[in-house]
Structures are given as C-alpha cells and as structure tokens.
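Chemist: Residue numbers (the working numbering), protein chains in the order written: chain A, 99 to 252; chain B, 99 to 252; chain C, 99 to 252.
Before I ask anything, let me first share the structure, which is written out below as structure tokens.
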Amino acid sequence: MSTKPSDRLRALGIELPPPPKPAGAYSPVVTWDRYAWVSGQIVVRAGGVASPGLVDRDVGFEAARDLARQAALQGVSALEAALGSLDRVQRVLRVAVYVASSPGFVRQHEVANGSTEVLVQLFGEEGRPARVAMGVASLPLNAPVEVELLVGTG
Amino acid sequence: MSTKPSDRLRALGIELPPPPKPAGAYSPVVTWDRYAWVSGQIVVRAGGVASPGLVDRDVGFEAARDLARQAALQGVSALEAALGSLDRVQRVLRVAVYVASSPGFVRQHEVANGSTEVLVQLFGEEGRPARVAMGVASLPLNAPVEVELLVGTG
Amino acid sequence: MSTKPSDRLRALGIELPPPPKPAGAYSPVVTWDRYAWVSGQIVVRAGGVASPGLVDRDVGFEAARDLARQAALQGVSALEAALGSLDRVQRVLRVAVYVASSPGFVRQHEVANGSTEVLVQLFGEEGRPARVAMGVASLPLNAPVEVELLVGTG
C-alpha cells in the first residue's frame with residue numbers, strides 16, 4: 099500500500115464526509131507556520147447532531163466509538179479542504195477526545211480509539227498522536243463526542 | 099479603521115481589564131518560538147470570582163456569554179503585558195472555552211462566541227481561531243467560564 | 099544546585115516512575131519541530147489505576163494533589179524516554195490538569211499545583227508553564243486526575 103494518505107484513503111475505501119461549516123465565530127482550520135489546528139468536530143447530519151445525548155445513558159459504547167471515528171474523518175475532511183491535499187499532513191501531533199459521559203462511564207479511552215485508529219490507518223505511524231481523552235458534562239448541541247486535532251504540515 | 103490591534107482597541111472603545119496575577123505555580127503567559135500560550139482565564143473582580151456557579155442553574159446564558167467575552171479580554175490583557183504590545187499578535191490560533199454546565203445545558207458554542215467575536219473585532223480575520231467548546235463539571239473557584247488562548251506572534 | 103534537570107532530579111531525591119506504556123492507538127510522546135507533546139497521564143500502579151473515583155467524594159484533596167504530582171512525574175519519565183535526556187527540555191509550555199470532580203468541588207487549581215510545583219522544582223523557572231485546570235465528569239479507567247504536558251525542546 100502506498101504511503102500517501104490520499105492513496106491510502108482510496109485503498110481503504112473511506113469516503114470523507116463533507117468539510118464542516120463553521121457555526122459561529124471561529125475557523126474550521128487555522129494554518130500557521132508548520133501547523134494546522136482543527137476546531138473541535140461533532141458529527142452533524144442532515145437533521146442535526148447525530149445521536150444526541152450522554153454516552154452510556156443515551157448513546158451506546160459502540161455508537162460512541164463510531165462517532166469518534168466519524169468526527170476524526172470530518173476533521174480530516176476539514177484539513178483536506180484547508181490544505182488542498184492530505185498529502186501535506188506530515189504528522190498527527192495531538193488528538194483530544196471529549197466524551198459527554200453519564201455518571202460512572204469511564205471508557206473514554208476506548209471511545210477515543212475510534213478516532214485514532216482510523217488516523218493510523220490513513221497516515222500510518224505518522225498518524226499515531228499524543229492523546230488526551232476525558233468525560234465532560236455536556237457538549238454543544240447535545241453531541242456525545244467531540245474530537246480536536248493538531249497536525250504538522252509540509 | 100486601522101488594522102493595528104492597538105488602534106482597533108481604542109476605536110472600539112474597549113478598555114482592557116488589568117492583566118491577571120497568577121494564583122499558583124504557573125505563568126499567565128509563556129512565550130516561546132513564535133507562540134504565546136495564555137493560561138486559562140476566569141473573570142475575577144474585587145470580591146472574588148464574578149458570578150460563581152453553573153451556567154443555566156446559577157448563571158444565565160447572557161451573563162455567561164458576557165463572561166466569556168471578559169475572560170477573552172483578560173487574556174488579551176495578559177498578552178499585552180507579556181508581549182509589550184498587542185501589535186505583536188499575528189494570529190489567534192486556538193481558543194478553548196470551558197463552560198461549567200448544569201445538566202442539559204448544550205449551548206457552550208454560543209457562550210464561546212462571546213470570546214471569539216471580540217477577538218475578531220480586535221484582530222480582524224487574523225483573530226478568528228480554531229475553537230473547542232465544552233461543558234465541564236466545575237471550574238476553579240466556582241467560576242462558570244474559563245477561556246484559554248494560543249496566539250502566533252511576530 | 100545545578101541548573102541541569104537531570105542533576106536537579108538527583109539533588110531532589112526524586113525517583114521517576116517507569117515511563118507509561120500506551121494502552122491504545124496513541125503515542126506516549128510525539129516529538130516534532132522543537133516540541134514534544136505528552137499524552138494525558140493517569141497514575142497506574144501494579145493493580146490498576148491508583149485511587150479510582152471522583153475527587154472530594156472518593157478521593158481526598160491531598161491524595162488528588164499528590165496524584166497530580168505523580169502524573170506530572172510520569173509525564174517527565176515519558177519525556178526522558180522519548181528525548182534520551184531531560185536536559186533537552188528547554189521550556190515547559192503548557193500543562194493541562196483534568197480533575198474528575200464530585201459536584202461542588204472547585205479547588206482544581208490547587209490540585210493542579212501538585213503538578214506544576216514539581217515541574218518548577220525540576221526545571222526551575224523554565225518549568226513554570228501556562229496552565230489550564232478544570233473539573234471533568236469522569237476520566238478513563240475511573241482515574242481521578244489526568245495531566246497533559248507540552249514542552250519546548252533543544
């Protein structure tokens with residue numbers, strides 16, 4: 099398999115979601131120096147936020163893990179739009195995964211694997227980031243999962 | 099209107115609050131390379147934290163939005179003190195807005211607009227950052243809103 | 099006292115814990131450009147997470163403060179393993195301290211001092227970071243404290 103992210107994407111049969119539109123006073127991606135900061139991604143579909151609620155109470159573990167994957171891919175889509183090509187991504191540096199958690203839910207790291215496993219598939223070992231995962235009280239629009247990315251660019 | 103942040107500040111009639119004093123083992127601002135990291139800002143007045151409590155239960159939405167604006171301006175004041183002049187700020191890169199949220203409050207992104215709208219007013223499009231907003235369980239000193247900034251400097 | 103972190107470590111009689119092993123799709127430390135991002139650290143002992151639960155309800159303040167110190171040292175251990183020597187750390191830039199908090203606990207900044215005071219001991223004033231501290235709903239594996247570091251390297 100080629101090591102170019104754009105080729106890997108095709109080889110893996112992954113179709114990126116459309117890049118997110120900002121819904122407020124912020125940028126989806128800020129590029130500066132050799133970096134690109136991607137705003138926190140929540141998964142939005144035609145009718146609004148996908149699977150709203152708290153993880154474990156309203157949204158099951160597997161669904162949350164899948165939302166973490168989709169949010170990461172939405173961030174990748176934002177990067178592609180901002181950089182012109184995914185092949186400019188040289189290193190995924192930091193991924194933060196925020197999980198709106200019902201009391202007692204403590205598997206945020208496993209939800210977060212949904213995000214970072216697909217990044218490793220796409221970018222190889224250069225896609226394996228430093229990571230932080232945590233359970234928060236709630237998220238914008240009642241989203242169950244929010245994913246933030248920082249990448250190094252060429 | 100001039101594009102210099104110091105001039106815009108005057109033109110907008112915004113008076114910056116005094117720069118925050120650190121209340122523990124940290125720095126208000128760390129400068130390094132072409133960056134300045136600003137510590138999480140909570141709005142403090144003479145008598146202590148402004149409007150303590152959880153947003154929606156103890157602090158209304160409009161008050162929270164205004165606190166987000168004031169916390170951002172406090173961060174700008176910290177930057178001015180650390181950099182000597184706001185005109186050294188070239189790009190606002192990332193803003194994180196942490197909202198101490200009562201159960202069911204899911205408008206953190208709208209609270210966060212209070213922070214980032216004033217940054218766009220001050221710094222123009224270079225002030226439009228990547229952003230993350232979330233509802234947390236509680237914040238230091240019972241503050242309802244905490245705002246963290248990262249900027250690129252010249 | 100020498101200003102070399104490796105010498106300070108010895109002079110202070112601090113024994114670093116073993117570097118953490120990643121338990122998922124992430125890297126303990128990512129180095130890039132002049133930076134090292136350290137993944138969120140939770141304190142793990144032979145039998146699992148140390149002192150699981152929420153701070154104030156299950157874990158006392160002093161214990162939480164000590165866990166924040168140990169988590170920071172675990173991050174320092176990860177840095178030593180990744181960089182080859184702590185003497186390559188030139189500046190501690192940002193520390194984030196996430197405290198799994200029971201309702202009404204608002205001393206996260208004092209818990210966070212446990213992390214940043216030991217960093218100042220080890221790295222001197224170059225160890226005094228920008229900081230953010232917050233109370234979250236829960237953390238991976240029911241850990242009460244998670245600590246994330248970003249440092250500038252030579």
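Glycine is no exception: its CB is placed at the ideal position from the N, C-alpha and C atoms.
1. For a contact meaning CB atoms closer than 9 Å, what does E215 of chain C contact in chain A?
2. By Cβ distance below 8 Å, which residues in the same chain neighbour A176 of chain B in space, the five residues on each side in sequence not counted?
3. Give the DSSP-derived three-state secondary structure of T214 of chain A in the structure shown.
4. First and last residue of the beta strand (DSSP E) that includes S137 of chain C?
5. Relative to the alpha-carbon of Q172 of chain B, which residue among B:L110, B:S104, B:L114 and B:G146 has its alpha-carbon at the smallest distance?
6. If the criterion is Cβ atoms closer than 8 Å, does the pair G233 of chain C and A235 of chain B meet it?
7. Give, in chain order, every residue of the region 227 to 252 of chain B whose Cβ lies closer than 7 Å to some Cβ of chain C.
8. Do the region 193 to 204 of chain A and the region 152 to 171 of chain A meet, that is, are 3 or more Cβ pairs less than 8 Å apart?
9. At what residue ranges does the region 222 to 247 of chain C contain a whole run of the beta strand (DSSP E), taking only runs of 3 or more?
10. Check whether the region 211 to 224 of chain C and the region 186 to 199 of chain C are in contact - that is, three or more C-beta pairs closer than 8 Å.
11. What in chain B is Cβ-close to R132 of chain C, meaning under 9 Å?
12. For chain A, find out if any of its Cβ atoms is closer than 8 Å to the Cβ of S137 of chain C; answer yes or no.
13. Could you check whether the Cβ of L191 of chain A sits closer than 8 Å to any Cβ belonging to chain C?
14. Determine, using beta carbons only, whether T101 of chain C and V187 of chain C come nearer to each other than 8 Å.
15. Any C-beta of chain C sitting closer than 8 Å to the C-beta of A210 of chain A?
16. Counting C-beta neighbours from all protein chains within 10 Å, is the total for G145 of chain B 16 or more, i.e. buried, or is it exposed?
17. Exposed or buried, E160 of chain C, counting other C-beta atoms within 10 Å across all chains shown (16 or more means buried)?
18. If you count every other CB in all the chains shown that lies within 10 Å of the CB of A134 of chain A, and 16 or more means buried, which is it?
19. With 8 Å set as the bound, which would you pick, yes or no: does the beta-carbon of Q206 of chain C sit closer than that to a beta-carbon of chain B?
20. So A169 of chain A is in the alpha helix (DSSP H); what residue range does that whole segment cover?
21. Do V218 of chain B and A166 of chain B have their C-beta atoms within less than 8 Å of each other?
22. On the DSSP letters alone, give me the boundaries of the alpha helix (DSSP H) that A148 of chain C sits inside.
23. At the level of alpha carbons, what is the spacing between R178 of chain A and V249 of chain A?
24. When the cut-off is 8 Å and only beta carbons count, does S125 of chain C lie next to chain A?
25. Under a three-way DSSP split, which group does V209 of chain B fall into?
26. Give me the chain A residues within the contact set of F159 of chain B, using Cβ-Cβ distance strictly less than 8 Å, ordered along the chain.
27. What residues in its chain sit with their C-beta under 7 Å from that of A162 of chain B, if we drop five residues either side in the sequence?
28. Would F203 of chain B count as contacting chain A if we go by Cβ distances under 8 Å?
29. If you draw a straight line from the alpha carbon of M99 of chain A to that of L110 of chain A, how long is it in whole angstroms?
30. Identify whether S104 of chain C lies in helix, strand or coil by the three-state DSSP scheme.
31. What residues of chain B sit near V153 of chain C, judged by a beta carbon separation below 7 Å?
32. Can you pull the chain C residues whose beta carbon is under 9 Å from the beta carbon of S199 of chain A, in chain order?
33. Are the CB atoms of Y124 of chain C and R189 of chain A within a distance shorter than 8 Å?
34. So which residues on chain C does G173 of chain B lean against when the C-beta distance must stay under 9 Å?
35. Give every residue of the same chain whose Cβ lies closer than 6 Å to the Cβ of I112 of chain C, excluding the five residues on either side of it in the sequence, and list them in chain order.
Modeler: In short, the structure shows the following:
1. Neighbours of E215 of chain C on chain A: none; closest Cβ ~21 Å, over 9 Å.
2. So the list reads P117, P118, P126, V127, V136, S137 and Q139, once near-sequence residues are dropped.
3. helix
4. Start and end: Y133 to Q139.
5. Of the listed residues, the one whose Cα sits closest to Q172 of chain B is B:L114.
6. yes
7. Taking 7 Å as the Cβ-Cβ cut-off, the region 227 to 252 of chain B approaches chain C at V234, A235, S236, L237, P238, L239, N240, E244 and E246, given in chain order.
8. yes
9. The region 222 to 247 of chain C contains, as complete beta strand (DSSP E) runs of 3+ residues, the segments 228 to 234 (chain order).
10. yes
11. W130 and D131
12. yes
13. yes
14. no
15. Closer than 8 Å: yes.
16. exposed
17. With fewer than 16 other Cβ atoms inside 10 Å of its own Cβ, E160 of chain C counts as exposed.
18. buried
19. yes
20. F159 to L181
21. No, the Cβ-Cβ distance between V218 of chain B and A166 of chain B is not below 8 Å.
22. Taken as a continuous stretch (DSSP letters only), A148 of chain C belongs to no alpha helix (DSSP H), as it is neither H nor E.
23. The residue asked about is misnamed: residue 178 of chain A is Glu in this sequence, not Arg. Between E178 of chain A and V249 of chain A, the C-alpha separation is close to 12 Å.
24. yes
25. helix
26. Ordered by position in chain A, no residue passes the 8 Å Cβ test against F159 of chain B, which lies about 13 Å from the chain.
27. V153, V197, V209, P242 and V243
28. yes
29. With a pLDDT of 49 at M99 of chain A, under the threshold of 50, the predicted position of this residue should be treated as unreliable, though the coordinate-derived value follows. Going from the Cα of M99 of chain A to the Cα of L110 of chain A covers about 10 Å.
30. Of the three classes helix, strand and coil, the one that applies to S104 of chain C here is helix, per DSSP.
31. Result: empty, since nearest Cβ-Cβ is about 10 Å, beyond 7 Å.
32. Neighbours of S199 of chain A on chain C, chain order: V234, A235 and S236.
33. no
34. By Cβ distance, chain C contributes nothing, its closest Cβ being about 10 Å from G173 of chain B, past 9 Å.
35. none
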